[in-house]
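All remarks here apply to the structure that follows.
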Ligand SMILES: Nc1ncnc2c1ncn2[C@@H]1O[C@H](COP(=O)(O)OP(=O)(O)OP(=O)(O)O)[C@@H](O)[C@H]1O
Ligand SMILES: [Mg+2]
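In UniProt numbering, the protein residues as written are 1 to 264.
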């Protein structure tokens, strides 16, 4: 009697495990096909201010960001690149329209919910770097890892590897005011990529770099896409960055003019 109950329990348990395995496999194989876009904006408008002084920074933008690709947003100063990047990264909310991350509408979520999604899945490189002035380069990177929930035992290696990736190992213990603009920018890049986020959002990440270093960083981004499967959205004025892009979208006065694929 006991053996019968025991063997039927084992059978059910095994069936449950097999079903679970099939589910996991299905999600793994077809999940990417079903959810091909990591990020998407539909009919997005963003108006700053009110009345006569209102600025219509985005005027009905639709964009789809494919997984595992490097998308560049280009356009003249004031065309709306940073505004769009901030919306796709959940840093800001649209005045109208919808913003999705991994198929989930994030435009109307609370600040707290958006912060949680950002910390878990995204890395940011801001136009103004956003480094903590009292922390060294290594501490700035480590702080980013702490926020994204990376296990403590991985911090040391990840800090070393990411600073190495941007050629900043020798400045690991320098604070931002002891670094040049380009070094601060590379520190911000190291901090954003150390946690290996699903989506990296970079606002003019090569603006402070000379052409050789700009090229090096562009290739670092390319490698992150190809080797880590990272998705990257980047704004730029730098033509050398366009060479490593999969897709390029041009913005003008808050509109997207079109999307081209320079690699094909
Ligand atoms: N917080 C704000 N309040 C009012 N207007 C804003 C604000 N942020 C942006 N704008 C305006 O929205 C428009 C788009 O700005 P945005 O920063 O997106 O441009 P950009 O393409 O990133 O420019 P740049 O290449 O100079 O960084 C600009 O006209 C800008 O003045
Ligand atoms: Mg900008």
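Yeah, the Cβ is synthetic: ideal placement off N, Cα and C, and Gly gets one too.
- Cα atoms of residue 124 and residue 19: separation of roughly 38 Å, rounded to the nearest angstrom.
- The beta carbon of residue 130 sits no closer than 7 Å to any heavy atom of ligand 1.
- Excluding sequence positions up to five before and after residue 166, its CB lies within less than 6 Å of the CB of 186, 189 and 190, all in the same chain and listed in chain order.
- With fewer than 16 other Cβ atoms from the protein chains shown falling within 10 Å of its own Cβ, residue 180 counts as exposed.
- By the CB criterion at 8 Å, residue 217 and residue 235 fall outside the cutoff.
- Counting along the chain, the unbroken alpha helix (DSSP H) around residue 144 starts and ends at 137 to 147.
- Rounded to whole angstroms, the gap between the alpha carbons of residue 150 and residue 131 is 19 Å.
- Residue ranges of uninterrupted alpha helix (DSSP H) with 4 or more members, entirely inside the region 179 to 218 and ordered along the chain, are 181 to 194.
- Secondary structure at residue 91: coil, using DSSP grouped into helix, strand and coil.
- Our two residues, residue 201 and residue 229, have alpha carbons roughly 14 Å apart in a direct line.
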